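Using my numbering, the first residue of the sequence shown is number 380, and each one after it goes up by one. Presented below is the structure to which this report refers.
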Amino acid sequence: MAKDVEVAEHGAFPPKDYQDPPPAPLFDAKELGKWSFYRALIAEFTATLLFLYVTVLTVIGYKSQSDGLANACNGVGFLGIAWAFGGMIFVLVYCTAGISGGHINPAVTFGLLLARKVSVLRAVLYMVAQCLGAISGVGLVKAFNKAHYVNYGGGANTLTDGYSKGTGLGAEIIGTFVLVYTVFSATDPKRKARDSYVPILAPLPIGFAVFLVHLATIPVTGTGINPARSLGPAVIYNEKKAWDDQWLFWVGPFIGAALAAFYHQFILRAGAVKALGSFRSNPIV
380 MAKDVEVAEH GAFPPKDYQD PPPAPLFDAK ELGKWSFYRA LIAEFTATLL FLYVTVLTVI
440 GYKSQSDGLA NACNGVGFLG IAWAFGGMIF VLVYCTAGIS GGHINPAVTF GLLLARKVSV
500 LRAVLYMVAQ CLGAISGVGL VKAFNKAHYV NYGGGANTLT DGYSKGTGLG AEIIGTFVLV
560 YTVFSATDPK RKARDSYVPI LAPLPIGFAV FLVHLATIPV TGTGINPARS LGPAVIYNEK
620 KAWDDQWLFW VGPFIGAALA AFYHQFILRA GAVKALGSFR SNPIV
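Printed below as a string of structure tokens:
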């Protein structure tokens, strides 16, 4: 069967065996009159709240268990922290994908906005809901575990001593690129059309990408790749150290998301196909 990447003899593309959804409008005021829109905002708020509650509690629990002990592997360790972040993303994306798309991350929302998958209105309000959910989730951690929360850094992202700001920024850019690129690949309409199991399995590679990125970058920045995840602890912990490098955890993820959106949408999904068509339709150069 001819695929959409194959070009006919005279340079014309054969009919696609799938249908790309139309680009989302830049601003769609009609969304404000739909209950599904507010339901999606509630889902993003709740999912980010649960994400921060479980993951920050895991970080603080690990620090309290290993405090003062010679063996740094006491408690869940870095591996357990990475599993907590990746596992929660897997669970929450699975639960909310059919309601809000399961973003749970302003950087993911930003990447999808650049790719015209969501409107500006939806993207902005998603980000607000995600940030409020993150603050609320960390607030619950502090309310239930105030002593440990204050003593062990509040789960805030900070640049580890010995690493430059450039290294930290690079880690956040590349880590977010991996995540957002995985999101685009796992939700590609072409793959959904050809492989019926892809929509069901989409949360798995997304969660696994978060897990792997955490393994690589926890020693550098504590791993942000999610501005809401970094903002929530900074607001609740509210110490200078938590705010000093906060910009890294916004600029890095947004750059990484933009690069992933450009790479997937304009190189893999469009530019490469057009270049191939032009090459085949002009065999003699």
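Ideal placement from N, C-alpha and C gives every residue a C-beta, glycine not left out. Predicted model only: the values in this text are computed from it and were never measured.
- The way I'd put it, the region 454 to 461 doesn't touch the region 524 to 536; fewer than three beta-carbon pairs between them come closer than 8 Å.
- For LYS413, there is no enclosing alpha helix (DSSP H), as DSSP marks it with neither H nor E.
- Relative to the Cα of PHE633, the nearest Cα in the group THR425, PHE556 and THR566 belongs to PHE556.
- The three-state secondary structure of ALA640, taken from DSSP, is helix.
- With distances taken between CA atoms, ALA526 lies nearest to TYR616 out of TYR616, LYS409, ALA640 and TYR642.
- Out of LYS496, VAL507, GLY545 and GLN444, the CA that lies nearest to the CA of ASP624 is found in GLY545.
- DSSP, read as helix, strand or coil, puts ALA513 in helix.
- Ranked by Cα distance from TRP626, the options GLY603, VAL497 and HIS593 are led by GLY603.
- C-alpha of GLY601 to C-alpha of THR475: approximately 26 Å in a straight line.
- Residues of the same chain with a CB within less than 7 Å of the CB of ILE478, apart from the 5 flanking positions on each side, are ARG418, ALA419 and ALA422 in chain order.
- For the 7 Å CB-CB criterion, ARG495 and ALA403 form a contact.
- For LYS544, the enclosing alpha helix (DSSP H) has its first and last residue at 544 to 565.
- Scanning VAL559, ALA595 and GLY611 for the CA closest to the CA of PRO582 turns up VAL559.
- Between VAL435 and VAL562, the C-beta gap is not smaller than 7 Å, which leaves the two residues out of contact.
- When C-alpha distances from ILE553 are compared across LEU580, PRO568, PRO612 and LEU591, the shortest belongs to LEU591.
- In chain order, GLY465 place their CB closer than 7 Å to the CB of PHE587, counting only its own chain and leaving out the 5 sequence neighbours on each side.
- The three-state secondary structure of GLU423, taken from DSSP, is helix.
- Residue nearest to TYR542 within the set GLY490, THR596 and LEU647 is THR596 (criterion: CA-CA distance).
- Straight-line spacing of the CA atoms in VAL499 and PRO485 works out to 12 Å.
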